[in-house]
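Note sheet for the following structure.
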Amino acid sequence: MTTNAVPDTQLGLTAEEIQLLRQGQAALGAGGSSSSRAASRASSQGLLMLDSSSLTALSRYFDRLMVNIEQNIQYLSEQAQMFTQVQYDRAGNIIDGADAEIARYTDILRQLDELEVDFDRIAHIKEIVKGYRARVQDVERELETSGSSRRHGHTSSSSTRHHHSSGHRHSHSSSSHRHRR
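Under the working numbering, the first residue of the sequence shown is numbered 37, with each subsequent residue one higher.
Written as structure tokens, this is what we have:
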């Protein structure tokens, strides 16, 4: 049985998102399961494996990564808020260390911006993986249905029909939980 794959360059991802996708697949390859190792090999060839096990593992990996990024955003937002409060409290003495503190604050804001960009990229990749996973699961169900129909002597023409989703589902969650400047 040959495993289906799609070139990751045909997923509608930016170069940075393709790199993140490949890193995710490579990280899963270190996990040890045969499907994870196969996904990692496919990634090194610029392919996304189209089997539900690999896509589910990849989706879970990106879920964990997004949680970590959200935690970092929360932490850095708290740091920025603490910085602001400290600076307000020390208004009379700020001149001495202003340059260093402003540079630190600017660095915190830069890190927040980078994390938000990474979060958006990973969310985009995750949506594409989710869409492919749903399609693969639909095809697998269709194959199971048509396979069991043939075993029971049924040869209806409906088992040979292909169902295609009517479009991409985009369920962008509210980003009100993220802090913006």
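In this text, a Cβ means the ideal position worked out from N, Cα and C, and glycines have one as well.
Output the distance between the C-alpha atoms of residue i and residue j, rounded to the nearest integer angstrom.
i    : j    : result
G82  : P43  : 6 Å
L47  : S182 : 29 Å
G175 : M85  : It is Val, not Gly, that sits at residue 175 in the sequence shown. Rounded to the nearest angstrom, the two C-alpha atoms are 14 Å apart.
A116 : S89  : 40 Å
S79  : E114 : 37 Å
R73  : A51  : 23 Å
A41  : V122 : 53 Å
R58  : R96  : 15 Å
G65  : S71  : 8 Å
A127 : A139 : 17 Å
S69  : K166 : 21 Å
D154 : L56  : 9 Å
V103 : Y168 : 22 Å
S194 : E180 : Note that S194 scores a pLDDT of 47, beneath 50, so its modelled location is shaky; the value from the coordinates is reported in the next line. Going by the C-alpha atoms only, they are around 13 Å apart.
D125 : H160 : 41 Å
R177 : R77  : 26 Å
L49  : A136 : 38 Å
T196 : E152 : With a pLDDT of 45 at T196, under the threshold of 50, the modelled position of that residue is not reliable, and the figure given next carries that caveat. Cα-Cα distance, rounded: 45 Å.
Cα-Cα, which of the options is closest to residue i?
i    : options                   : result
L94  : E163, E178, E180 and L179 : E163
T120 : Q59, D99 and I144         : I144
Y141 : F155, R58 and M118        : M118
L101 : V165, V153, I158 and Q123 : I158
I170 : A134, T92 and V153        : Residue 170 is actually Ala in this sequence, not Ile. Closest by alpha carbon: T92.
A62  : H160, A75 and D99         : A75
I105 : E137, G60 and D156        : D156
D87  : V172, A136, R77 and G133  : V172
At which residues does the beta strand (DSSP E) containing residue i begin and terminate?
i   : result
A62 : Looking at the DSSP string, A62 is not in any beta strand (DSSP E); the run it does join, the alpha helix (DSSP H), is A51 to G65.
A41 : A41 to P43
According to the neighbour-count rule (16 or more other Cβ atoms, all chains shown, within 10 Å of its Cβ), is residue i buried or exposed?
i   : result
I54 : buried
D99 : exposed
G60 : buried
Let's see if you can read the secondary structure: which residues bound the alpha helix (DSSP H) around residue i?
i   : result
L84 : Looking at the DSSP string, L84 is not in any alpha helix (DSSP H); the run it does join, the beta strand (DSSP E), is L83 to M85.
S69 : Counting along the chain, S69 falls outside any alpha helix (DSSP H), and DSSP gives it neither H nor E.
L94 : S88 to D125
Practice problem: Determine contact between the segment 101-111 and the segment 140-152, defined as no fewer than three beta-carbon pairs at a distance below 8 Å. | Solution: Counting Cβ pairs under 8 Å, three or more are found: they touch.
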